[in-house]
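Report on one structure; see the data block that follows.
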Amino acid sequence: MEDLNDLVFFAKVVEHQGFSAASRQLGVPKSRLSRRITLLEERLGVRLLQRSSRRLVLTSVGERFYERCQAILALSESAHELIQEAVAQPQGVLRVSCPLTLAQFWLTPLLPAFMKAHPRVRLLLTVSNRRVDPLEEPMDVVLRVRRPPFDDSSLVVRPLGRTHDVLLASPALLRERGMPSDVPGLEAWPTLSLPAEGERHAWLLRRDAEAAELVHAPRLVCGDMFALKRAALEGLGVVLLPEILCREELGDGRLVRVLPEWGCAESEVQAVFPSRRGMLPAVRALVDFLAAHPAG
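Under the numbering used here, the first residue of the sequence shown carries the number 1420, and numbering increases by one thereafter.
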């Protein structure tokens, strides 16, 4: 096993293209630096550098050895960063973006405990339903809900829980119309919906391996899920909402599942950020805290 310092010395000599510049950068006498490289070559039994009075040239095996040294030193640096981040006190400004409904029913109830645990963190929370890209906007953490497939290979994604949508209606509406027996039976029912990307509103429903599409013309279109839930409670129509958002109303009977065997594919609650490398301790603390209190 080679001394890690020798690998550092060798890499710096190569990077600075000579012993003199490497000596100044490392603060190590040139004679000692040269001696350490010579001893390294003797232990390895190969010549890594061709020396002349004017310059140093890597041998072919020296080039490959230098590449391995760079990889080893990068891992060593990463290990040191891991320890430094682990002992660092989370502090400073933390910029977070979160969709409205996710903030209302999951994030904001958790924030007091997090901020009490980390009194040196100042949180700037932006609540927005638009898609936020942390590579283009000054956001440390973007919270979002997504259905697979996920297409953000340039970002780091940390899963924070899962949720699924269910069809819901008030008992009064079901008494008036009766419980439908299949998806086509809902086509004439009044519906409540989130905004669609175009003019066409459709719910893609699944039952095991079977899929069905319900095209509808909503009586109410609104980007606020809580407003849609309130309208459903008042008997204005059938709505498709996350089960976690309506768990209390389902439990006390104020809302009833319609076609309970049908639902939507699961969605994943995610924390998204640009890179793990150099992650601020406050970012790591928040993401770890939310992962310990998953949505759903």
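The beta carbon of each residue, even a glycine, is placed where N, CA and C say it ideally should be.
DSSP state of residue i mapped onto helix, strand, coil
i	result
E1687	strand
S1479	helix
R1549	coil
L1574	coil
V1499	Looking at the sequence shown, residue 1499 is not Val but His. Of the three classes helix, strand and coil, the one that applies to H1499 here is helix, per DSSP.
W1525	helix
C1665	helix
R1541	strand
A1701	helix
A1490	helix
E1680	coil
Q1508	coil
V1657	strand
E1374	With the chain covering 1420 to 1715 only, the question about residue 1374 has no answer from this structure.
R1443	helix
R1651	Reading the sequence as shown, one finds Ala at residue 1651 and not Arg. Residue state, collapsed to three classes: helix.
V1640	strand
A1711	coil
L1468	strand
S1694	coil
L1452	helix
T1565	For the sequence presented, residue 1565 should be read as Arg rather than Thr. DSSP places R1565 in strand when its eight states are reduced to three.
L1513	strand
M1554	The sequence shown places Leu at residue 1554, rather than the Met named in the question. Looking at L1554 - three-state DSSP - the assignment turns out to be coil, as it is neither helix nor strand.
L1426	helix
L1674	coil
Contacting residues, own chain, Cβ-Cβ under 6 Å from residue i (five flanking each side not counted)
i	result
W1525	A1714
W1622	L1633 and L1659
P1518	N1548
G1580	V1688, P1713, A1714 and G1715
H1620	S1612, H1635 and P1637
E1680	R1626
F1723	Any answer about residue 1723 is impossible in this case: the structure gives the chain only from 1420 up to 1715.
V1576	Q1689 and V1691
Candidates the options, of which the one nearest residue i by Cα
i	options	result
R1462	L1494, Q1489, D1422 and R1487	D1422
E1616	L1492, R1549, L1468 and P1531	R1549
S1516	P1553, I1491 and Q1503	P1553
S1471	R1454, V1657, Q1489 and G1437	G1437
P1509	L1459, V1702, H1499 and T1478	V1702
A1651	G1642, V1675, D1671 and H1635	V1675
S1612	L1426, R1454 and M1644	M1644
A1453	V1476, V1465, V1432 and G1446	According to the sequence displayed, residue 1453 carries Ser and not Ala. Per the Cα distances, V1432.
A1361	G1446, E1486 and E1685	Here the chain covers residues 1420 to 1715 and nothing more, so residue 1361 does not appear.
N1424	R1455, P1448, S1442 and P1590	R1455
G1597	E1618, G1656, S1573 and G1682	G1656
A1631	V1602, E1618 and A1607	V1602
V1691	A1532, L1678, G1682 and L1709	L1709
E1629	V1551, L1574 and G1682	G1682
P1693	G1511, A1536, V1551 and S1495	V1551
L1678	P1578, S1686, A1588 and M1534	A1588
L1574	E1595, C1488, E1555 and P1590	E1555
G1654	A1591, R1483 and V1585	A1591
V1585	R1666, G1511 and A1607	R1666
Buried/exposed call for residue i, threshold 16 Cβ in 10 Å
i	result
R1563	buried
A1582	Per the sequence presented here, residue 1582 reads as Thr, with Ala not at that position. Buried, by the Cβ-count rule.
S1450	exposed
L1605	buried
P1609	buried
S1497	exposed
A1522	buried
Cβ shell of residue i (< 7 Å), same chain only, five flanking positions each side left out
i	result
G1642	N1548, L1613 and P1614
A1441	K1431, V1432, H1435 and L1452
A1684	R1566 and R1625
L1664	T1520, F1524, M1644 and K1648
V1427	L1492
E1460	R1466 and L1467
Cut-off 8 Å between Cβ atoms - residues of its own chain near residue i, not counting five sequence neighbours on either side
i	result
L1647	L1611, S1612, L1613, L1639, C1641, V1658 and L1660
Q1741	With the chain covering only 1420 through 1715, there is no way to say anything about residue 1741.
L1530	L1542 and L1544
T1478	V1465, R1466, L1467, L1468 and Q1469
L1513	V1540, R1541, L1542, L1543, D1559, V1560, L1699, A1701, V1702 and L1705
V1476	L1468 and Q1469
Minimum Cβ-Cβ distance from residue i to chain D less than 7 Å
i	result
R1666	Annotation note: the requested chain D is absent from the structure, which comprises a single protein chain.
Query raised in the report: What runs of the alpha helix (DSSP H), each 4 residues or longer, lie entirely inside the segment 1581-1623?
Result: Counting only runs of 4 or more, we get 1590-1596.
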